[in-house]
């Protein structure tokens with residue numbers, strides 16, 4: 001991994017190549033970032049396993065979220081427990097209540113698109 005690598009958890013990962021979470025996982029790897037994948041169904045992306053449930057992960061820089069607000073409440077404590085520096089709320093996942101909770105924990109919420117951030121060098 002390069003010195004700029006940010007270990008990233010993709011929540012909402014899917015083997016379906018039409019899903020943005022899948023595209024983001026591929027793009028993160030292409031840009032030299034270590035990824036962990038968490039989804040509803042097991043599988044693989046870029047040779048890495050999609051883990052189900054709420055696996056214990058460490059040294060997380062970023063969580064990129066691909067789960068809509070209606071389905072996020074069960075993830076609040078899990079995501080906060082990962083202790084990321086930031087959580088990216090991709091389009092359609094914005095959640096002001098959760099974003100406030102993250103800020104209170106010292107975690108930066110960012111409303112942005114991971115794919116765009118990677119493509120323009122702001123990731």
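In UniProt numbering, the protein residues as written are 1 to 123.
Each residue gets a CB set at the ideal place from its N, CA and C atoms; glycine is no exception.
As the structure is a prediction and not an experimental result, all values here were calculated from the model.
request  = Taking residue 57 and residue 90 to be in contact with their CB atoms under 8 Å, please state how far apart those CB atoms are, rounded to whole angstroms.
outcome  = Not really, about 19 Å apart at Cβ, beyond 8 Å.
ask   = Under 8 Å, do residue 61 and residue 83 count as touching if we go by C-beta distance?
value = no
ask   = Any idea which residues DSSP pairs residue 126 with across the strands?
value = Any property of residue 126 remains undetermined from this structure, which presents the chain solely from 1 to 123.
message = Considering only DSSP beta bridges, list what residue 35 is partnered with.
response = 8
For residue 48: DSSP bridge partner residues = 45
request  = Within the same chain, show all residues whose beta-carbon is closer than 8 Å to that of residue 55, passing over the 5 residues directly before and after it, in chain order.
outcome  = 36 and 38
task = Please report the Cβ distance between residue 52 and residue 70, rounded to the nearest whole angstrom; I am assuming they are in contact, meaning their Cβ atoms lie under 8 Å.
result = Wrong, their Cβ atoms sit about 19 Å apart, outside the cutoff.
ask   = On the three-state DSSP scale, how would you describe residue 70?
value = helix
ask   = Can you tell me whether DSSP reads residue 101 as helix, strand or coil?
value = helix
ask   = Are the beta-carbon atoms belonging to residue 87 and residue 102 less than 8 Å from one another?
value = yes
request  = Please determine, among 95, 29 and 63, the residue with the shortest C-alpha to C-alpha distance to residue 47.
outcome  = 29
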